[in-house]
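K.L.:
Encoded as structure tokens, here's the structure I'll be asking about.
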Amino acid sequence: MKAPERPKKRPTQADVARLASVSPAVVSAVVNGRGGSNGVRVSDRTAARVEEAIRQLGYVPNVAARSLAGGRNGIIGVFTYEALFPMQAMSYYHPFLVGVEEAVEELDCHLLLFTGSHTDDRRRSIYKNGTNSLQVADGAVLIGQSEDRDELAELVRDGYPAVFIGRRELPGAEVSYAAADYATATRRLIERINGLGHRRIARLRGGSNHESILDRDAGFAAASELLADRADTTEVFVPPRAESIAAVVPGLVEQGYTCIVTDDRERAGDVCAAATALGLSVPQDLSVAALSEYEYVDNTVERWDITTITTPGREMGAAAVRLLADLLDNPGDRTPRRVVIDCGFHPGATLTAPQGA
0 MKAPERPKKR PTQADVARLA SVSPAVVSAV VNGRGGSNGV RVSDRTAARV EEAIRQLGYV
60 PNVAARSLAG GRNGIIGVFT YEALFPMQAM SYYHPFLVGV EEAVEELDCH LLLFTGSHTD
120 DRRRSIYKNG TNSLQVADGA VLIGQSEDRD ELAELVRDGY PAVFIGRREL PGAEVSYAAA
180 DYATATRRLI ERINGLGHRR IARLRGGSNH ESILDRDAGF AAASELLADR ADTTEVFVPP
240 RAESIAAVVP GLVEQGYTCI VTDDRERAGD VCAAATALGL SVPQDLSVAA LSEYEYVDNT
300 VERWDITTIT TPGREMGAAA VRLLADLLDN PGDRTPRRVV IDCGFHPGAT LTAPQGA
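Note that the sequence shown covers residues 0 to 356 in numbering that gives the first Met the number 0.
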């Protein structure tokens, strides 16, 4: 059979039947088990033809009765590109999932977590074997730092309702998302640091060009421009490893920098450890702050109460579901839905006025 173009609407059993040149009853028998739950028995050759048509069309059987108007299942999916539940990651992702669950309950829908579809190299994938595995849900919220951007673009082209948690920009495709306003939060934090009397502020930046890091870049640049006549700010590119950070901290201290800012709390902990190794006190001799509370593993040297910007995870999760609900309620309007939410601030214990200020 010649592979047809993937239809824009969700394929049905009738579509499969037409492609395989069989009756819908035969398709139903194959989908529900060859034993013939509907009294129809199917030969191996016919079943193989139906299964090939299912694969080509990307048909996914509904797992729940269509109880909502418009043929919807009342199921909201959550697809994760990486594991959300290891203990070391739970503290960061947990608020997103709480927000998602609360908003889904408000909609009186079910929540379905997708985790099991993998490519040959074990990476999680939406389009396994060319089939959109999310189609059992009316729409989906997507989350994770290791996304496949080609898949996101394909979801947009196919018109499948999906909203990403976190800003994502793709060439030629506009993704719906609920994002954090890291740019404004970063600018305000640098202004706060300067307001305490710090005149030399260094930011340690890794090599990532992820949107969340680019937003922090924009915020740091805006603060640097705004404070040009009051503060000396600099960026130092450092691999995100404790030994690399320990190597640059002594030089920054020698140059008179009194506050070091990192992109996440884990790296900030590395700075605190490096300062302690130099005989310095944090924050009296050196202040430290982070642009995110993210910490993939516990700091093994010492647990620091880092001054940090906080991600509005609960609000982002809930907002993503509400944007998705709007997409589902207006299927003819494919305009991307986007919202940017203010970050929070944790004062911590690693930022204070420099000595002599």
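We treat Cβ as the ideally placed atom computed from N, Cα and C, and that holds for glycine.
Is A217 close to the ligand NAP? I mean its beta-carbon at under 6 Å from any heavy atom of the ligand.
P.N.:
The ligand NAP is not among the ligands present in this structure, which contains no ligands whatsoever.
K.L.:
Which of the three DSSP states is assigned to R337 in this structure?
P.N.:
R337 falls in the strand class under three-state DSSP.
K.L.:
If you reduce the DSSP assignment to three classes, tell me which class L290 lands in.
P.N.:
If DSSP states are grouped into helix, strand and coil, L290 belongs with coil.
K.L.:
Closest to L106 by C-alpha separation, out of V339, A172, L323 and L133, would be which residue?
P.N.:
It is L323.
K.L.:
Exposed or buried, which one is Q12 when buried takes at least 16 other CB atoms within 10 Å?
P.N.:
Classification of Q12: buried, given that the 10 Å Cβ count is 16 or more.
K.L.:
CA-CA distance, G194 and R123?
P.N.:
One C-alpha to the other measures close to 45 Å.
K.L.:
Measure the alpha-carbon distance for Y58 versus A288 and round it to whole angstroms.
P.N.:
Near 50 Å, if we compare the C-alpha coordinates of A288 and Y58.
K.L.:
Of the residues A227, R264, H197 and A276, which one's Cα is nearest the Cα of Y256?
P.N.:
Answer by Cα proximity: H197.
K.L.:
Please classify R313: is it buried, with 16 or more other beta-carbons within 10 angstroms of its beta-carbon, or exposed?
P.N.:
The residue is buried, with at least 16 neighbouring Cβ atoms inside 10 Å.
K.L.:
If you reduce the DSSP assignment to three classes, tell me which class D271 lands in.
P.N.:
For clarity, residue 271 is Cys in the given sequence; the question names Asp instead. Note: C271 maps to helix in three-state DSSP.
K.L.:
Going by CA-CA distance only, name the one from P335, G143, Y181 and Y91 that's closest to F113.
P.N.:
Here the closest residue by C-alpha is G143.
K.L.:
Any idea if E224 is buried or exposed, counting beta-carbon neighbours within 10 angstroms, 16 or more meaning buried?
P.N.:
Looking at its Cβ environment, which holds fewer than 16 other Cβ atoms inside 10 Å, E224 is exposed.
K.L.:
For G129 versus L327, is the C-beta spacing smaller than 7 Å?
P.N.:
Not a contact, by the Cβ cut-off of 7 Å.
K.L.:
Nearest to D149 by alpha carbon, out of G158, A172 and L133?
P.N.:
The shortest Cα separation from D149 among G158, A172 and L133 belongs to A172.
K.L.:
Quick one: is G69 buried, meaning 16 or more other Cβ sit within 10 Å of its Cβ, or exposed?
P.N.:
A caution first: G69 carries a pLDDT of 46, below 50, which makes its placement in the model unreliable, though a value can still be read off. G69 should be labelled exposed.
K.L.:
Pick from A47, V41, E100 and L141: whose alpha carbon is nearest that of A82?
P.N.:
If we check each option's Cα against that of A82, L141 comes out closest.
K.L.:
Compute the distance between the beta-carbons of A182 and L169, then report whether it is under 7 Å.
P.N.:
It is not a contact, given that the beta carbons lie outside the stated cut-off.
K.L.:
So, helix, strand or coil for E234, using DSSP?
P.N.:
Note: E234 maps to strand in three-state DSSP.
K.L.:
Which word fits E311, buried or exposed, when buried means at least 16 other C-beta atoms lie within 10 angstroms of its C-beta?
P.N.:
Reading off the sequence, residue 311 comes out as Pro, not Glu. The residue is buried, with at least 16 neighbouring Cβ atoms inside 10 Å.
K.L.:
Suppose you measure from the CA of S27 to the CA of A19; what does that come to, to the nearest Å?
P.N.:
Distance between the alpha carbons of S27 and A19: 13 Å.
K.L.:
Give the range of the beta strand (DSSP E) segment to which A136 is assigned.
P.N.:
Premise fails: A136 is in no beta strand (DSSP E) and is neither H nor E.
K.L.:
Considering only residues of the segment 159 to 194, which uninterrupted alpha helix (DSSP H) runs meet the minimum length of 4 residues and lie entirely inside it, listed in chain order?
P.N.:
Complete alpha helix (DSSP H) runs here, min 4: 181 to 194.
K.L.:
Assuming contact is defined by CB atoms lying nearer than 7 Å, are T306 and R264 in contact in what I supplied?
P.N.:
Contact flag unset, no.
K.L.:
Below 8 Å on the Cβ atoms is my guess for P282 versus T349; work out the distance and round it to an integer in Å.
P.N.:
About 5 Å; that satisfies the 8 Å criterion.
K.L.:
Could you say which of L213, V247, L56 and R191 lies nearest to D157 if we only look at CA atoms?
P.N.:
Residue L56 is the option with its Cα nearest to D157.
K.L.:
Drop a sphere of 10 angstroms on the beta-carbon of P330, count the other beta-carbons inside from all chains shown, and report buried for 16 or more, exposed for fewer.
P.N.:
Exposed: under 16 other Cβ atoms inside 10 Å.
K.L.:
Hey, T185 and A222 are a contact pair by Cβ (cut 8 Å); roughly how many whole angstroms apart?
P.N.:
So it is a contact: roughly 7 Å between Cβ atoms.
K.L.:
With distance defined between alpha-carbon atoms, name the residue in V339, D216 and T351 nearest to D180.
P.N.:
Nearest C-alpha to D180: V339.
K.L.:
By how many angstroms is the C-alpha of A217 removed from the C-alpha of L188?
P.N.:
About 13 Å.
K.L.:
Within 7 Å of any Cβ in chain C, is that where the Cβ of I142 sits?
P.N.:
No chain C appears in the structure shown, which is made up of a single protein chain.
K.L.:
Return the first residue and the last residue of the beta strand (DSSP E) that L111 is part of.
P.N.:
L111 -> beta strand (DSSP E) spans H109 to F113.
K.L.:
Flag this pair as yes or no: are the beta carbons of L279 and V235 separated by less than 7 Å?
P.N.:
No. Outside cutoff.
K.L.:
Nearest-angstrom Cα distance between E352 and A220?
P.N.:
According to the sequence displayed, residue 352 carries Ala and not Glu. Their Cα atoms are separated by approximately 22 Å.
K.L.:
I need the straight-line Cα distance from P94 to D214, nearest angstrom please.
P.N.:
Looking at the two C-alpha atoms, the distance is approximately 21 Å.
K.L.:
Identify the continuous alpha helix (DSSP H) that holds L323 and give its terminal residues.
P.N.:
Where L323 is concerned, the enclosing alpha helix (DSSP H) stretches over G312 to D328.
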